[in-house]
Amino acid sequence: MREVTAPIAERGVLGERELRGAAVGHAALAVPATTITNAPIAERLGVEPGWIESRTGIHERRALGDDERVSDLAAEAGGLALAKSGLSADEIDLVVVATTTQDEVTPNTAPLVAGALGLSNPAAIDVGAACSAFVAALQVTTAQLESGRARKALVIGVDCLHSFLNPDDRRTAALFGDGAGAVVMTAATEGRMGPIAMRSDCAPDMIRIPRGGTLEMRGHETFVNAVARISEITLDVLDQAGLTTADVDLFVYHQANARIIAAVGEKLALPPERVIDCIKSYGNTSAASIPIALAEAEADGRLKPGMRVLVGAFGAGFTWGGALMEWGLTDGA
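So the sequence shown is numbered by this note's numbering: it starts at 512 and just counts up by one.
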């Protein structure tokens, strides 16, 4: 056995590391220029455009062009969030990208984003958990910041599922759009990130994209599970924080379907004005939907520094998760 001559780290640095807080703010979004309304989709499916809107709440969605890349969209959103925060590229030491649709099998998206933004050799990690991936990315990043292994981070959700759709499938053809959203996170002396919970339940055939295939989804079962699990995780996170729904200023759920968002709101008796619904303009953008919704709410004044925000998502796997946060990197920003 090798003789141990010295500890691997000083006491209090690793084994007894004092946890710091983590803060989150400055959301931004980026979407492709190409807009697809309900009309051409409805015509192909043999339905009225109003049929799509009534079942999904979606009016239009965006789609990447043939010469556009997922990583470029992610970098655009990340760059906008970084500019809003006032931080320099040299200060970012961690990039976490939540996505299921990276440009190639490898390399991952995060190092491409870091390179595009001119960041100085940060850690760069992709997180995959389908539509729940942004919540998972918040969990990973918060742990890094609280433990002191990172100081300032860029967290991006990006997905471009439109090219994986079967245009003749009524269950999915009108649901998904392409987009990216980003937030900035920093270590803080006082924690602004509250409880974060992630869960899973193996259901491999409910939502899937076979290699070389198109997206398949069992809609009714997914709807029922999404409403139940998002409602459960909301109450779970609040219970961990010792709070109730009345203590939350804004609920930002995964923008999968307007009927799911409404059903969760009704189940939990949430005031509609405190539940964000921006799906009409973007469709289901998977891992990008929560940061896009945060960016929309921040832009129109519904999301302000100091607000208590709860985010929640449900997606393929099944995976689901929720997080509670106080918005803003500092008291005023």
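C-beta: ideal position from N, C-alpha, C; glycine also.
Every value quoted in this text rests on a predicted model; they were computed, and no experiment measured them.
Close-in-space but distant-in-sequence residues of the same chain around residue i (CB under 6 Å, 5 per side omitted)
{"i": "GLY847", "result": "Residue 847 lies beyond the range of the chain shown here (512 to 844); nothing can be said about it."}
{"i": "LEU835", "result": "GLY705, PRO706, VAL748, ALA752 and LEU821"}
{"i": "LEU754", "result": "none"}
{"i": "ALA534", "result": "THR697, ALA699, ARG703 and LEU840"}
{"i": "ILE552", "result": "ALA684 and ALA685"}
{"i": "VAL542", "result": "ARG573 and GLY690"}
{"i": "ILE603", "result": "LEU630, PRO633, LYS663 and LEU665"}
{"i": "MET849", "result": "Nothing can be reported for residue 849, as the shown portion of the chain is limited to 512 through 844."}
{"i": "ARG710", "result": "TRP831"}
{"i": "ASN768", "result": "THR567"}
{"i": "ARG740", "result": "PHE825 and TRP831"}
{"i": "GLY639", "result": "THR611"}
{"i": "VAL759", "result": "ARG819 and LEU821"}
Secondary structure of residue i, DSSP reduced to three states
{"i": "VAL695", "result": "strand"}
{"i": "LYS663", "result": "strand"}
{"i": "ARG710", "result": "strand"}
{"i": "GLY561", "result": "helix"}
{"i": "ILE718", "result": "strand"}
{"i": "GLY590", "result": "helix"}
{"i": "ALA769", "result": "helix"}
{"i": "HIS537", "result": "strand"}
{"i": "ILE547", "result": "strand"}
{"i": "ASN632", "result": "coil"}
{"i": "GLY705", "result": "strand"}
{"i": "THR611", "result": "coil"}
{"i": "ALA739", "result": "helix"}
{"i": "LEU556", "result": "helix"}
{"i": "ARG572", "result": "strand"}
{"i": "GLY832", "result": "strand"}
{"i": "GLU521", "result": "Caution is warranted here: a pLDDT of 40 is assigned to GLU521, below 50, making its placement in the model unreliable, and no coordinate value can be reported."}
{"i": "LEU605", "result": "strand"}
{"i": "VAL624", "result": "helix"}
{"i": "CYS789", "result": "coil"}
{"i": "GLY526", "result": "Any reading at GLY526 must be qualified, since the residue scores a pLDDT of 49, below 50, and its modelled position is unreliable; the value itself is stated next. Three-state DSSP puts GLY526 in coil, outside helix and strand."}
{"i": "LEU805", "result": "helix"}
{"i": "THR516", "result": "Because the pLDDT of THR516 is 42, which lies under 50, any placement of that residue in the model is unreliable, and the question is left without a value."}
{"i": "ASP750", "result": "helix"}
{"i": "ARG531", "result": "coil"}
{"i": "VAL651", "result": "helix"}
{"i": "ALA798", "result": "helix"}
{"i": "VAL638", "result": "strand"}
{"i": "GLY668", "result": "strand"}
{"i": "VAL759", "result": "coil"}
{"i": "ALA780", "result": "coil"}
{"i": "VAL820", "result": "strand"}
{"i": "GLU727", "result": "strand"}
{"i": "ASP689", "result": "strand"}
C-beta atoms of residue i and residue j nearer than 9 Å
{"i": "ALA684", "j": "LEU584", "result": "no"}
{"i": "THR756", "j": "MET696", "result": "no"}
{"i": "VAL763", "j": "ALA804", "result": "yes"}
{"i": "GLY688", "j": "GLY839", "result": "no"}
{"i": "ALA698", "j": "LEU656", "result": "yes"}
{"i": "VAL855", "j": "GLY536", "result": "What the structure shows of the chain is the stretch from 512 to 844, and residue 855 is not part of that stretch, so it cannot be assessed."}
{"i": "ARG566", "j": "ARG770", "result": "yes"}
{"i": "LYS791", "j": "GLU564", "result": "yes"}
{"i": "GLY823", "j": "VAL775", "result": "yes"}
{"i": "ASP788", "j": "GLN766", "result": "yes"}
{"i": "ALA544", "j": "GLY576", "result": "yes"}
{"i": "ALA773", "j": "ILE744", "result": "no"}
{"i": "GLY589", "j": "GLU701", "result": "no"}
Contact belief for residue i with residue j at Cβ below 8 Å, rounded distance in angstroms
{"i": "MET672", "j": "THR612", "result": "The amino acid occupying residue 672 in the given sequence is Leu; Met does not appear at that position. Indeed, because the Cβ distance is near 6 Å, the residues count as touching under 8 Å."}
{"i": "SER849", "j": "ASP614", "result": "Nothing about residue 849 can be read from this structure; the chain reaches only from 512 to 844."}
{"i": "ARG813", "j": "LEU779", "result": "Not a contact, Cβ separation roughly 19 Å."}
{"i": "VAL607", "j": "ALA550", "result": "Between ALA550 and VAL607 the Cβ distance is about 38 Å, and since that is not below 8 Å, they are no contact."}
{"i": "THR733", "j": "ASN677", "result": "Actually they do not touch by this definition, with Cβ atoms about 16 Å apart."}
{"i": "ALA538", "j": "GLU809", "result": "5 Å"}
{"i": "ASP670", "j": "THR548", "result": "Contact flag wrong, Cβ pair sits at about 20 Å."}
Same chain, Cβ closer than 7 Å to residue i, five either side skipped, listed in chain order
{"i": "PRO622", "result": "ALA635"}
{"i": "SER742", "result": "VAL775, LYS778 and LEU779"}
Cβ-heavy atom distance, residue i to the ligand FMN, below 8 Å
{"i": "GLN613", "result": "By its list of ligands, the structure shown contains no ligand whatsoever, and the ligand FMN lies outside what it can speak to."}
Nonlocal neighbours in the same chain, by C-beta distance under 8 Å from residue i, ignoring five residues either side
{"i": "CYS713", "result": "GLY828 and PHE829"}
{"i": "ARG522", "result": "Below a pLDDT of 50, predicted positions are generally treated as unreliable, and ARG522, at 38, falls in that range; no measurement from the model is reported."}
{"i": "GLY817", "result": "GLU837, TRP838, GLY839 and ASP842"}
{"i": "ALA641", "result": "THR611, ILE718, SER797, ALA798, GLY826, ALA827, GLY828 and THR830"}
{"i": "ARG580", "result": "ASP614"}
Given 8 Å, three or more beta-carbon pairs between the stretch 584-599 and the stretch 660-675: yes
At least 3 beta-carbon pairs within less than 8 Å: the stretch 709-723 vs the stretch 826-843: yes
The stretch 779-786 in contact with the stretch 557-569 per 3-pair CB rule at 8 Å: no
Cβ contact check for the stretch 627-647 and the stretch 564-573: 3 or more pairs under 8 Å: A contact between stretches requires three or more CB pairs, one per stretch, nearer than 8 Å, and the stretch 627-647 fails this requirement with the stretch 564-573.
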